[in-house]
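Step one of this worksheet: look at the structure below.
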Amino acid sequence: MVRTRIAPSPTGEDIHIGNLYTALINYAFAKKHAGQFIIRIEDTDRERYVDGSEDRVLQTIKSYGIIYDEGPDIGGPYAPYKQSERLSLYKKYAEQLVEKGAAYYCFCSKERLDEIRKKQIAEKRIPKYDRHCRDVQSSQLRQGFAGRAEFGVGSGEKYVIRLKVPDDRDIVFADVIRGKIIINSNTLDDQVLLKSDGYPTYHLAVVVDDNAMKITHVIRAEEWINSTPKHILLYEAFGWELPIFTHLPILRNPDRSKLSKRKNPVWAAWYLEQGFLPEAVLNYLSLMGWSHPEQKEIFSLAEFIEKVDLKNFQPVGPSFDIVKLEWMNGEYIRKTQNSKLRTKIFEYYNKQYPENIIEKTIPLIKERIKKLSDYLPLCEFFFKRPEKHEIDLSNKRDLLKKMHDALLPIEQWNNRTIGDAMQELAKREGVRTGEFFMILRVATTGKKISPPLNESMEILGKQECLMRVKALS
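With the numbering used here as the guide, the letters of the sequence shown map in order to residues 151 to 623.
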């Protein structure tokens with residue numbers, strides 16, 4: 151059975167939009183093959199841990215309609231799904247690697263490591279561990295010493311466990327998108343696998359957990375390509391079967407720079423807060439590096455699941471353009487049934503505006519808005535009288551009084567009768583139609599730009615319109 155996963159870290163405000171993209175592809179691929187999609191929380195970076203982040207990440211993923219089969223909040227056959235609850239497992243496997251000769255204890259102090267790094271940078275070399283403890287232990291082993299005690303383990307001295315990377319070996323692996331990839335081991339550091347506080351690094355934990363949870367396909371961002379050889383060495387040392395690797399392109403800004411919170415909103419929840427529809431965002435993300443075989447731009451998540459093929463992704467980082475996303479979101483809004491759009495708007499604004507009024511306004515603004523958050527700036531005047539007016543009408547009091555008097559006799563209050571009465575008054579007073587209706591618009595809505603005026607006045611109702619016009623006359 152196909153089993154995929156994402157493993158977000160609770161180190162930010164929410165899940166990054168790039169990680170949501172990765173979640174979407176993992177989810178779609180698993181569902182296409184009648185498989186399972188798992189969420190595992192990688193919370194081993196305690197220095198960067200953000201309280202509450204895990205709950206927000208899981209809630210955001212659910213809000214986008216990505217439903218996982220196993221996870222920290224729903225459990226599953228391979229629980230627990232939080233790395234901080236699996237520490238004894240990592241320590242056991244790290245010790246196994248030492249026993250196998252695939253890893254070693256390192257007692258180097260932070261001060262020594264900092265000095266090595268500074269020296270290497272000054273000499274314009276790539277900073278790497280100098281293998282001091284590896285060489286010492288190799289010498290001791292050659293002399294017949296064995297066991298943890300001879301290396302100082304158990305004496306109370308702090309140590310880490312490092313991966314013993316072989317010298318000058320071409321590590322070859324297949325990537326579904328990029329084909330054969332070769333990375334020489336001389337470019338790799340002797341990676342720390344288990345830290346002195348007993349917590350694993352990503353590299354040990356991800357391999358142990360993926361194997362334990364029977365992950366068949368590792369689908370992740372291309373930034374992990376250079377780490378894959380380390381993971382392969384670990385799989386080999388343990389004697390475990392490799393998963394199939396796919397490294398997705400990293401989303402980029404339109405100027406080709408990497409998505410960064412310093413430049414653009416990167417948290418997935420932000421897009422929901424701004425009134426983007428989850429289905430529109432997922433549709434847009436599905437087009438990042440992939441094209442629909444029929445060249446469609448708008449299609450459902452179900453259709454994406456049916457059509458997706460990892461081999462058809464492009465390796466070049468796609469452009470994540472908020473302007474294009476807004477266009478697509480607008481298309482989704484326009485194809486949403488009015489009754490459903492009414493509910494979305496009602497819930498987006500926390501149910502504080504009458505649903506029946508929202509329903510009446512939708513035909514007036516549906517073609518104008520691109521996000522749910524565009525609704526209130528256009529329609530707030532339906533729910534509260536304007537406190538400010540965008541044009542000073544203090545010198546239009548006489549005309550406003552005449553408008554009031556012309557509106558007062560209307561018995562059948564609708565957009566046609568309102569329009570007829572106002573057209574007749576404008577003609578009688580010799581006021582240009584554009585100027586006349588601008589004055590009426592600002593008096594009733596407070597704004598120079600609004601939904602169609604006569605229809606808006608019909609929704610507002612006769613008494614409310616009369617009160618607003620009279621207040622300025």
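Even for Gly, the Cβ is constructed at its ideal location relative to N, Cα and C. Keep in mind the model is a prediction, meaning the values are calculated, not measured.
When you compare each of the options to residue i by their alpha carbons, which one comes out closest?
i	options	result
residue 253	264, 224, 227, 310	310
residue 307	268, 271, 255	255
residue 241	312, 404, 506	312
residue 327	463, 382, 456	463
residue 285	267, 271, 257	257
residue 320	376, 514, 271, 512	376
residue 228	397, 362, 530, 538	362
residue 508	517, 521, 488	488
residue 372	243, 383, 400	400
residue 404	381, 342, 471	471
residue 217	465, 325, 280, 176	176
residue 178	497, 494, 450	450
residue 549	562, 498, 579, 249	579
residue 387	259, 246, 473, 342	246
Which residues in the same chain have their Cβ closer than 8 Å to the Cβ of residue i, if we skip the five residues on either side of it in sequence?
i	result
residue 317	335, 336
residue 186	151, 152, 153, 154, 180, 219, 220
residue 292	Unreliable positioning characterises residue 292 in this predicted model, as indicated by a pLDDT of 46, which lies under 50. A coordinate reading is not provided.
residue 519	480, 483, 525, 528
residue 558	616
residue 437	447, 468
residue 554	616, 619, 620, 623
residue 239	358, 362
residue 492	505, 508, 509, 512
In whole angstroms, give me the CA-to-CA distance for residue i and residue j.
i	j	result
residue 207	residue 421	14 Å
residue 612	residue 621	14 Å
residue 551	residue 589	12 Å
residue 600	residue 168	37 Å
residue 615	residue 485	32 Å
residue 274	residue 408	26 Å
residue 183	residue 456	9 Å
residue 585	residue 577	12 Å
residue 198	residue 263	21 Å
residue 160	residue 189	12 Å
residue 93	residue 418	In the structure displayed, the chain extends from 151 to 623; residue 93 sits before or after that span and is not available.
residue 443	residue 236	43 Å
residue 503	residue 374	47 Å
residue 517	residue 477	12 Å
residue 574	residue 506	32 Å
residue 196	residue 402	29 Å
residue 391	residue 439	29 Å
residue 398	residue 172	8 Å
residue 546	residue 581	12 Å
residue 594	residue 565	14 Å
residue 120	residue 382	Only positions 151 to 623 of the chain appear in this structure, which leaves residue 120 out of reach.
residue 395	residue 282	33 Å
Is the separation between the beta-carbon of residue i and that of residue j shorter than 9 Å?
i	j	result
residue 234	residue 349	yes
residue 467	residue 370	no
residue 429	residue 215	yes
residue 431	residue 475	yes
residue 460	residue 174	no
residue 210	residue 165	yes
residue 501	residue 426	no
residue 355	residue 192	yes
residue 243	residue 340	no
Taking all protein chains shown into account, decide if residue i is buried (16 or more other Cβ within 10 angstroms of its Cβ) or exposed.
i	result
residue 535	exposed
residue 619	buried
residue 315	buried
residue 322	exposed
residue 452	exposed
residue 379	buried
residue 365	buried
residue 347	exposed
residue 158	buried
residue 222	buried
residue 544	exposed
Who are the near neighbours of residue i in its chain, counting only those whose CB is closer than 7 Å to its CB and skipping five residues on each side?
i	result
residue 294	For residue 294, the pLDDT reaches just 44, beneath the cut-off of 50, and the residue's location in the model is therefore unreliable, leaving the point undetermined.
residue 393	360, 365, 366, 367, 368
residue 569	604
residue 277	267, 270, 271
Between residue i and the rest of its own chain, which residues show a CB-CB distance below 6 Å, the 5 nearest in sequence each way excluded?
i	result
residue 345	310
residue 541	592
residue 567	560
residue 597	540
Using a Cβ-Cβ cut-off of 9 Å, state whether residue i counts as contacting chain C.
i	result
residue 600	Although the question refers to chain C, the structure presented lacks it and comprises just one protein chain.
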